[in-house]
Amino acid sequence: MPTNLQDILDQIHEQVTARSDHGEVATYIPELARVDPKQFGLAVALPDGRLLSVGDAEVPFSIQSISKVFTLAIALGRVGNQLWKRVGREPSGHAFNSILQLEHEKGIPRNPFINAGAIVVTDVILASSSPKEALAGLLTFIRTAADDPNIYINEAVARSEKETGHRNLALAHFMRGFGNLTHEPELTLGTYFHQCAVEMSCRQLAMAGRFLVNARGMPHLISPSRIRRINALMMTCGHYDGSGDFAFRVGLPAKSGVGGGILVIVPGKASIAVWSPGLTPLGNSRLGTEAVHLLAQRTQWSVFG
Ligand SMILES: NC(=O)CC[C@H](N)C(=O)O
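For the numbering used here, add 412 to where a residue sits in the sequence shown, where the first one is 1.
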């Protein structure tokens with residue numbers, strides 16, 4: 413770990429915020445369309461307990477699909493490898509909300525990080541919990557991982573997504589038609605929309621991500637073999653159709669969300685959260701990706717040595 417990590421973060425902050433090509437905020441969820449695209453935050457949690465940050469690292473944002481990492485960990489805790497009967501482990505090569513492969517593959521989503529896969533994961537959790545219990549369990553998991561009780565769900569974002577969530581409803585009904593959803597689509601999606609509406613700052617998200625680092629000094633909430641597997645899925649599927657490019661440029665497991673956040677794991681070394689609400693056409697944070705690219709270059713952090 414470089415001794416001048418704070419200097420590196422300061423330089424990246426200066427460099428990235430000088431750019432004007434920050435991309436467009438997600439507009440298909442009206443509440444997200446109102447976020448100021450010029451914001452940028454970055455936080456790094458280290459095994460020695462330090463938390464370094466720059467920019468708007470204390471501003472809460474909608475974690476959206478980053479929630480899929482936490483629900484996957486919880487679902488694996490409930491049903492273990494049985495989960496893989498209902499969800500695949502391959503990159504999709506399609507948009508996060510695509511329905512294209514589902515018919516061909518008989519309602520089994522390619523992976524747990526596209527919307528269809530995450531909806532099934534939530535459905536699995538609902539087999540042993542009511543929606544209220546499932547969301548309370550999710551918040552408890554995240555708060556424990558982050559060591560921070562002040563993490564909440566933004567009801568306005570959840571409502572906004574429910575009102576415009578036609579594609580997700582279509583995905584859920586389609587999978588129900590194939591027998592791969594055990595609850596009514598509205599019930600599973602009610603929980604799914606709320607999990608996406610969890611809000612965290614970069615500081616809180618970097619802290620919450622520590623359970624995937626597998627380092628002494630960081631929380632051990634799941635087994636090391638499960639940590640390895642979730643990281644593998646983050647590397648191959650965490651950026652949807654942009655996963656290959658992210659792996660090529662950054663070389664670290666990561667999960668993005670349409671709120672503009674990215675959680676990046678440096679196995680054994682660090683948990684990183686970056687946020688810039690402007691997105692690429694694939695739905696990943698444009699300047700967030702740039703920032704993590706620069707950080708990985710300057711720290712030499714990569715799983716590929
Ligand atoms: N990529 C994302 O962050 C998508 C999550 C969003 N809540 C949706 O279901 O469309």
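Each residue gets a CB set at the ideal place from its N, CA and C atoms; glycine is no exception.
Where the beta strand (DSSP E) through residue i begins and ends
{"i": "residue 411", "result": "Residue numbering for the chain in the displayed model covers 413 to 717; residue 411 lies beyond these limits and cannot be assessed."}
{"i": "residue 673", "result": "673-678"}
{"i": "residue 683", "result": "682-687"}
{"i": "residue 517", "result": "Run containing residue 517: none; DSSP gives neither H nor E here."}
{"i": "residue 453", "result": "453-457"}
Limits of the unbroken alpha helix (DSSP H) element including residue i
{"i": "residue 531", "result": "527-537"}
{"i": "residue 428", "result": "417-429"}
{"i": "residue 554", "result": "543-558"}
{"i": "residue 668", "result": "Residue 668 -> not in any alpha helix (DSSP H); beta strand (DSSP E) instead, spanning 666-668."}
{"i": "residue 602", "result": "597-608"}
{"i": "residue 572", "result": "567-576"}
{"i": "residue 479", "result": "479-491"}
{"i": "residue 700", "result": "698-711"}
{"i": "residue 467", "result": "Careful: residue 467 lies outside any alpha helix (DSSP H), inside the beta strand (DSSP E) at 463-467."}
{"i": "residue 660", "result": "655-661"}
{"i": "residue 443", "result": "442-445"}
{"i": "residue 616", "result": "614-620"}
Test item: CB-CB of residue i and residue j under 8 Å
{"i": "residue 527", "j": "residue 501", "result": "no"}
{"i": "residue 497", "j": "residue 530", "result": "no"}
{"i": "residue 475", "j": "residue 650", "result": "no"}
{"i": "residue 520", "j": "residue 499", "result": "yes"}
{"i": "residue 463", "j": "residue 421", "result": "no"}
{"i": "residue 482", "j": "residue 467", "result": "no"}
{"i": "residue 690", "j": "residue 437", "result": "yes"}
{"i": "residue 555", "j": "residue 565", "result": "no"}
{"i": "residue 631", "j": "residue 557", "result": "yes"}
{"i": "residue 485", "j": "residue 495", "result": "no"}
{"i": "residue 648", "j": "residue 637", "result": "no"}
Spatial distance of residue i from residue j (CA atoms)
{"i": "residue 543", "j": "residue 599", "result": "8 Å"}
{"i": "residue 625", "j": "residue 516", "result": "36 Å"}
{"i": "residue 694", "j": "residue 658", "result": "12 Å"}
{"i": "residue 538", "j": "residue 603", "result": "9 Å"}
{"i": "residue 447", "j": "residue 423", "result": "25 Å"}
{"i": "residue 607", "j": "residue 459", "result": "27 Å"}
{"i": "residue 414", "j": "residue 541", "result": "Per-residue confidence for residue 414 stands at a pLDDT of 45, beneath the threshold of 50, marking its modelled position as unreliable; the derived number appears in the next sentence. So the two alpha carbons sit approximately 44 Å from each other."}
{"i": "residue 713", "j": "residue 623", "result": "18 Å"}
{"i": "residue 585", "j": "residue 645", "result": "25 Å"}
{"i": "residue 457", "j": "residue 619", "result": "6 Å"}
Contacting residues, own chain, Cβ-Cβ under 6 Å from residue i (five flanking each side not counted)
{"i": "residue 674", "result": "666, 668, 686, 697 and 700"}
{"i": "residue 443", "result": "568, 569 and 572"}
{"i": "residue 661", "result": "705"}
{"i": "residue 449", "result": "434, 437, 689 and 690"}
Best match in the options for proximity to residue i [C-alpha to C-alpha]
{"i": "residue 601", "options": "570, 455, 636 and 461", "result": "570"}
{"i": "residue 432", "options": "715, 504, 688 and 710", "result": "688"}
{"i": "residue 639", "options": "683, 604 and 613", "result": "683"}
{"i": "residue 490", "options": "559, 634, 579 and 583", "result": "634"}
{"i": "residue 511", "options": "582, 574, 546 and 441", "result": "582"}
{"i": "residue 717", "options": "417, 702, 680 and 610", "result": "680"}
{"i": "residue 560", "options": "612, 702, 440 and 642", "result": "612"}
{"i": "residue 465", "options": "628, 425, 589 and 546", "result": "425"}
{"i": "residue 577", "options": "591, 597 and 593", "result": "597"}
{"i": "residue 509", "options": "552, 617, 642 and 653", "result": "653"}
Own chain partners of residue i with C-beta closer than 7 Å, once the 5 adjacent residues on each side are dropped
{"i": "residue 513", "result": "504, 506 and 522"}
{"i": "residue 430", "result": "none"}
{"i": "residue 664", "result": "676, 677, 678, 708, 713, 714 and 715"}
{"i": "residue 470", "result": "613 and 615"}
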